[in-house]
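What follows is a single structure, written as structure tokens, with notes after it.
Residue numbers (the working numbering): 54 to 231.
Structure representation (structure tokens):
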């Protein structure tokens, strides 16, 4: 019995060490990336999250790796985040309803319910890979360039519903400090 307990403790230790390394990978990448811009998403009077854009270069480009880092200011349920994301993706030109239905599956894999204080990130690679990161969770990697660009365009696309936030993220104006 003692041997079984020791084996379980060793397995738990190994799993925890491996999992911890995977979950903080985006935070390590940010340390070597440049902060391009930052802003806060507000809906009416409520601040939902602070958002920062980091890039491996000193400016934003789809040709470079970059990370959007979220610092949540309130609880947001997974289904509501997915619903809002799909609504924003539908607004984009050239996106068909058939794609939206397929993309919902990706969002269900990558999105989590968050609480106030949760940190999360979306990491873009120029080959079209997008990685969803949440504190304490294993990353979710999706290899669909059209989905990845459409999802990130919610914040960075020219047709975003939040043009002031986009400008702040791209470093084109000072973030609102009110």
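Quick reminder that beta carbons are idealized off the backbone N, C-alpha and C, glycines included.
Item to complete: Report all residues from its chain with a CB closer than 6 Å to the CB of residue 200; omit the five preceding and five following residues, and keep chain order.
Response: The beta carbon of residue 200 lies closer than 6 Å to those of 156, 159 in the same chain, with the five residues before and after it left out.
Worksheet item: Is residue 173 helix, strand or coil by DSSP?
Response: Strand, per DSSP.
Worksheet item: Does the count of Cβ pairs from the segment 217-225 and the segment 177-193 closer than 8 Å reach three?
Response: no
Worksheet item: Which residue comes first and which comes last in the beta strand (DSSP E) that contains residue 90?
Response: 87-96
Worksheet item: Buried or exposed: residue 90, going by 16 or more other Cβ atoms within 10 Å of its Cβ?
Response: buried
Fill in: Simplified DSSP assignment, three categories, for residue 166
coil
Discussion item. DSSP has residue 180 in a bridge; who is on the other side?
Written reply: Answer is none; residue 180 lacks a bridge partner.
Worksheet item: Mind checking whether residue 95 and residue 101 have CB atoms under 8 Å apart?
Response: In this structure, residue 95 lies near residue 101, with their beta-carbon atoms less than 8 Å apart.
Worksheet entry | Under 8 Å between C-beta atoms of residue 142 and residue 134 | no
Worksheet item: Are the beta-carbon atoms of residue 87 and residue 110 separated by less than 8 Å?
Response: Contact flag set, yes.
Practice prompt. Starting from residue 193, follow its DSSP beta bridges and name the residues at the other end.
Written response: 185
Discussion item. I need the straight-line Cα distance from residue 205 to residue 222, nearest angstrom please.
Written reply: Annotation: residue 205 to residue 222 spans about 12 Å, alpha carbon to alpha carbon.
Discussion item. Check this for me: beta carbons of residue 118 and residue 192, under 8 Å apart or not?
Written reply: no
Worksheet entry | Where residue 201 sits in the DSSP three-state scheme | helix
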